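Notes to accompany the following structure.
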Amino acid sequence: MPNNYGHTGPESDQMRATDAPASVSTSIPDMGRRSQENQLTEQTEMAASCVTVAAIRAACRNAGLTADNAMDIIERHENTALDHTALMAEIGRRFAERDTPAQTVSRVSVTRDEAVTRRSAMTDAILCRMAPASNTITDAARDYRGMSLMRLAEETLLRENVRVRGMSPVELAERALHSSSDFPNILSNVLNKRLRQAYEESQPSYRLWARRAPNAPDFKPIDVVQMSAMPDLLRTNEAGEFKYGTASDGKISYSVLTYGRILGVTRQTLVNDDLRALDRLTTGYAAAAARLENRTVYAQLAGSGTYGGGDLFTTQNGNLAESGTTINATTLGAGRAALRKQKGLQKEELNIAPRYLIVPTDLEQLSYQFTSTQFVPAKATDVNEFRAGGRTALEPIVEAVLDGHSDKAWYLAADSAQVDTIEYAYLDGAEGVQLSSRIGFNVDGVEFKASLDFAAAAIDHRGFWKNPGA
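Following the UniProt record's numbering, the numbering of the sequence shown begins with 1 at its first residue and continues without gaps.
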């Protein structure tokens, strides 16, 4: 009987057997084609989303990164795909790494600048209270204007996170002076600035006529060479021959010496807010330094100093009057003539003119009578060219230090720009009086050391003339 498919028996079984494989063989190739098509589509989409090497370089350049950063990204993704989103993430990470150190330095710098600004403002505020005539209040210092030393000490401790509640004034002063706070530095800055102000305000008379030499690099002897004038020019012979010439020289040596004192600022000074005591202390030492310089220079002039192993003023040098006389037109003329007649190391004429009349205090009035236009001569014979405006006008310099050597002797000095006279020098990097500090060992507070590295020496006798006076 025919079955449902129109076939009977084995034929129908054979047909079913052959139909089944035919159906399977047609379905497998269809699935393979679809898988290949999907893979190709995914690869195409991935390739479309990936960035090129040129795009990586351009993106890094636009972000401000270096060529090394771009090459690092390229090498890291040599075997892996990199799309635009991943590239931006890579660039962002490197951008953050690059800026992190700069931000840290900036924060440290800002903190340091704030501390320096605060220290400077407190220094200015104290200076304005201590010496208002010599200092003006700054905008930054206005926050601390009127604050006592103890309040400023408390402020610096609070900035250092020190607990000050319950401290007595004495305890507060001790903690501020003996801690790592800024207060000892502020106090040192105040005294240093006030000391320099007072030192510069002092005007010792030696600076008017003595020559300042270059700073000494160390404490070794300073050798000053005395050069003669250049030799005279000689007429050439018929062959046009020029002859060599040499300049004679001499040498003066001197060394910088150190002078100093230690002064102390105690906790009692802080507790009492005794700014007047601090001001007297600093101005007193500034005046002492100026006096020391003055005495050192005038010691060379008055004869207690050494000059090439001998005396500065001798009749052999032609710069000492044979007999002492008082100041008048005649004796001034004699001194001027003696300077004019001075010879150099090669016996060349120097034609030196006097510039200064240096006298002790007892001769002050007399020196003005012959140098100032305020005095009208009683006689025509008293008119002279040593007055201001004259052809050899003299500038009078009155110095009390000379009284300790002689209250009658007087001197004529040339301009140090024309001829060497007496020069003075400081140690390099320590010009003028200096101040250093440390925590007190001998005093209950802070010790300050005032020091001065200074020297002076007579370089040439030809620029001076001395009259022993009468």
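Beta carbons are placed, not taken as given, at the ideal position from N, Cα and C, and that holds for glycine. Bear in mind that the values here come from a model prediction, so they are computed numbers and not experimental data.
Opening and closing residue of the beta strand (DSSP E) in which residue 434 lies: If you look at residue 434, you'll find it in the beta strand (DSSP E) that goes 434 to 439.
Just list the alpha helix (DSSP H) runs in the segment 331 to 399, keeping only unbroken ones of 4 residues or longer that don't cross its boundaries, in chain order. List check, alpha helix (DSSP H) in window: 364 to 369.
Under a Cβ-count criterion, where at least 16 other Cβ atoms within 10 Å of its own Cβ denotes burial, should residue 352 be classed as buried or exposed? Buried, because 16 or more other Cβ atoms sit within 10 Å of the Cβ of residue 352.
Candidates 53, 58, 460 and 450: which alpha carbon is nearest residue 265's? 450
Are residue 130 and residue 196 close, meaning C-beta to C-beta below 9 Å? Cβ distance not < 9 Å, so residue 130 and residue 196 don't count as in contact.
Could you tell me whether the segment 334 to 354 touches the segment 285 to 299, where touching means 3 or more Cβ pairs closer than 8 Å? Segments in contact, no.
If you reduce the DSSP assignment to three classes, tell me which class residue 266 lands in. strand
Let me know the secondary structure DSSP gives residue 113 once reduced to three states. Assignment of residue 113 by DSSP, reduced to helix, strand and coil, places it in the helix class.
Distance check for residue 335 and residue 445, CA to CA, integer angstroms please. 57 Å
So, for residue 174: in the same chain, excluding its five sequence neighbours on each side, which residues have a beta-carbon less than 7 Å away from its beta-carbon? Excluding its 5 nearest sequence neighbours in each direction, residue 174 has C-beta neighbours in its own chain below 7 Å: 267, listed in chain order.
Determine the extent of the alpha helix (DSSP H) in which residue 193 is found, giving its start and end residues. 183 to 201
Suppose you measure from the CA of residue 310 to the CA of residue 303; what does that come to, to the nearest Å? In this structure, the alpha-carbon of residue 310 lies about 10 Å from that of residue 303.
Can you list the alpha helix (DSSP H) stretches of 4 or more residues lying completely in the segment 121 to 185, in chain order? With a minimum length of 4 residues, the continuous alpha helix (DSSP H) runs that stay inside the segment 121 to 185 are 149 to 159 and 169 to 177.
Let me make sure I understand the geometry here. Which of 140, 368 and 463 has the alpha-carbon closest to that of residue 344? Sorting 140, 368 and 463 by C-alpha distance to the C-alpha of residue 344 places 463 at the top.
Suppose you measure from the CA of residue 104 to the CA of residue 273; what does that come to, to the nearest Å? Reliability of the predicted coordinates at residue 104 is poor, the pLDDT of 46 falling under 50, and no value is obtained from them.
Quick one: give me the first and last residue of the beta strand (DSSP E) that residue 284 is part of. Unbroken run through residue 284 is the alpha helix (DSSP H), 275 to 302; no beta strand (DSSP E).
Buried versus exposed call for residue 24 [16 or more other C-beta atoms within 10 Å across all chains shown]: Only weak support is given to the placement of residue 24: the predicted model assigns it a pLDDT of 42, under 50, and the question is left unresolved by the model.
Considering only the beta carbon of each residue, do residue 358 and residue 402 sit closer than 9 Å? yes
My understanding is that residue 199 touches residue 432, with C-beta atoms under 8 Å, so please give their C-beta distance in whole angstroms. At roughly 5 Å, the Cβ-Cβ gap stays under 8 Å, so residue 199 and residue 432 are in contact.
Alpha carbon to alpha carbon, what distance is there between residue 217 and residue 394? 35 Å
Which class does residue 15 belong to by DSSP, given the choice of helix, strand or coil? Bear in mind that a pLDDT of 42 at residue 15, under 50, signals an unreliable position, so the number given afterwards is only what the model happens to contain. Helix.
Along the chain, where does the alpha helix (DSSP H) that runs through residue 70 open and close? 67 to 76
Between 468, 188, 454 and 329, which lies nearest to residue 220 when the distance is taken from Cα to Cα? 454
Can you give the beta carbon distance from residue 360 to residue 392, rounded, assuming they're within the 8 Å contact cut? Between residue 392 and residue 360 the Cβ distance is about 22 Å, and since that is not below 8 Å, they are no contact.
What are the start and end residues of the beta strand (DSSP E) that includes residue 422? 422 to 426
Residue interval of the beta strand (DSSP E) (run including residue 79): DSSP places residue 79 outside any beta strand (DSSP E), giving it a letter other than H or E.
Assuming residue 256 and residue 425 are in contact, meaning their beta carbons sit under 8 Å apart, how far apart are those beta carbons, in whole angstroms? 6 Å
Quick one: Cα of residue 422 to Cα of residue 167, how far? 58 Å
Three-way DSSP call (helix, strand, coil) for residue 21 in this model: Low confidence applies to residue 21: its pLDDT is 44, below 50, so where it sits in the model is not reliable, and the reading given next is rough at best. In this structure, residue 21 counts as helix in the three-state DSSP scheme.
Residue burial classification, residue 312 (beta-carbon count within 10 angstroms, cutoff 16): Residue 312 should be labelled buried.
According to DSSP, which residues form a beta bridge with residue 254? According to DSSP, which records beta bridges pairwise, residue 254 is partnered with 222.
Candidates 366, 96 and 74: closest to residue 325 by CA position: Checked all of 366, 96 and 74; the closest Cα to residue 325 is 366.
Looking at the strands, I want to know which residues DSSP matches up with residue 454. 257 and 426
Nearest to residue 57 (by Cα), restricted to the options 214, 222 and 70: In this structure, 70 is the residue among 214, 222 and 70 with its C-alpha nearest to the C-alpha of residue 57.
Presumed contact (8 Å Cβ cut-off) between residue 386 and residue 332, rounded CB distance: 5 Å
Here's a check: name, in chain order, each residue in its chain whose Cβ is nearer than 6 Å to the Cβ of residue 466, leaving out the five neighbours to either side. The residues are 313, 320 and 411.
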